[in-house]
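Okay, structure first, notes after.
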Amino acid sequence: MRLVLLGPPGAGKGTQAARLVAKYGIPQLSTGDMLRAAVAAGTPLGAQAKEIMNRGELVPDRLVIDLIDLRICAQECASGFILDGFPRTVAQARALDVLLADKHMNLDAVIELLVDEDALLARVENRNRVTLKAGGVVRADDNPESLKIRLEAYRAQTAPVSAYYAERGALKQADGMAPIDEVSASIDGAIGVRV
Ligand code: AP5
Numbered sequence: 014m015r016l017v018l019l020g021p022p023g024a025g026k027g028t029q030a031a032r033l034v035a036k037y038g039i040p041q042l043s044t045g046d047m048l049r050a051a052v053a054a055g056t057p058l059g060a061q062a063k064e065i066m067n068r069g070e071l072v073p074d075r076l077v078i079d080l081i082d083l084r085i086c087a088q089e090c091a092s093g094f095i096l097d098g099f100p101r102t103v104a105q106a107r108a109l110d111v112l113l114a115d116k117h118m119n120l121d122a123v124i125e126l127l128v129d130e131d132a133l134l135a136r137v138e139n140r141n142r143v144t145l146k147a148g149g150v151v152r153a154d155d156n157p158e159s160l161k162i163r164l165e166a167y168r169a170q171t172a173p174v175s176a177y178y179a180e181r182g183a184l185k186q187a188d189g190m191a192p193i194d195e196v197s198a199s200i201d202g203a204i205g206v207r208v
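Count along the sequence shown starting at 1, add 13, and that's the number in the numbering used here.
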C-alpha cells in the first residue's frame, strides 16, 4: 500500500502515520524527520536545511525529491510506504508522479487531514509539553513565530497539492479534528480497509 498524508503543521500526519506503520507494517517516510536527522548529524544537507526549517519555510524541492527517490526503491519499501510531509508543493507532486512511473508504482490513496487552524498552536504547544516532560528536545520550529510561517507556507504552497490530487480523483479527506481513534478509522475507511 502506498499512501500520502497531507495536512498543515500539527494536523496529525505523524500520529496517524505511526498508527499505519503499526497496523500495516509499511514504513513511514517523513521528510521532516529525515531533514531533522540530517541537521542533527551535521551533514551538508542538514547545514543547508537548518535555518530554512527553523524559520518555518520549505526547503528547496530538489533536496526532498532526492531524499524520497533514494528511499522508495529501498527494500524496506517493497510492500509500500506512507509519505508524511511529502509532497508539499505541486512541483514535488509532479516529481513524485515521475519517480513512481519510472518504478512502475502507483499511489493507492492521498489522504488530507482537515483541521481548524485555530487548534494547531495548542496542539504544537501540547506536543512541546509532552516532549519536555519526557526529557526530550523541543523542535526549533515549534514556536508561534515559526508556526505562523509554516501555516503561510502550507496555504501558499501545499494547499494546491490537494487540488492537484483532487483533479486526478485521488484525494480522500478525513476530519482531523475528531479524536485520534476516529481519525484512524476514517483513514481506514478512505483506503478501503474494513474497520
Ligand atoms: P514536518 O516535520 O513535516 O512538520 P509539519 O508538517 O509542520 O508537521 P508536524 O510534524 O508539526 O505535525 P503533524 O501533522 O505530523 O502532527 P502530529 O501528528 O505531530 O516539516 C518540518 C519542516 O521540514 C517544514 O516546515 C520544512 O521546513 C521542512 N520540510 C519537511 N518536508 C518538506 C518538503 N516535502 N518540502 C520542503 N520542506 C520540507 O500531531 C501534533 C500534535 O497534535 C501531537 O501532540 C499529537 O498528539 C496531537 N494530535 C494529533 N492528532 C490529534 C487529534 N486528532 N486530536 C487531538 N490531538 C491530536
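Where a beta carbon is used, it is the ideal one built from N, C-alpha and C, also for glycine.
- Non-local C-beta neighbours of Ala106 in its own chain, meaning closer than 6 Å and more than five positions away in sequence, comprise Pro100, Val174 and Tyr177, ordered along the chain.
- In this structure, the CA atom of Met66 is about 19 Å from the CA atom of Thr144.
- Nearest neighbour of Ile162 by Cα position, chosen from Val72, Gly38 and Leu19, turns out to be Val72.
- Exposed is the label assigned to Ile193, since fewer than 16 other Cβ atoms lie within 10 Å of its Cβ.
- Following the DSSP letters along the chain, one finds Ile124 inside the beta strand (DSSP E) bounded by residues Ala122 to Leu127.
- Distances from the CA of Leu48 to each of Gly27, Val77, Gly38 and Leu18 were compared; the closest alpha carbon is that of Val77.
- Assignment of Arg168 by DSSP, reduced to helix, strand and coil, places it in the helix class.
- Between Leu184 and Leu96 the beta-carbon gap is near 14 Å, outside 8 Å, which marks them as no contact.
- Within 10 angstroms of the beta-carbon of Val137 lie 16 or more other beta-carbons, which makes it buried.
- For Arg84 against Leu42, the beta-carbon gap comes to about 5 Å, under 8 Å, which counts as contact.
- Counting only the Cα atoms, Ala31 lies some 14 Å from Asp201.
- Placement of the Cβ of Phe94 at a distance of 7 Å or more from every heavy atom of the ligand AP5 is found.
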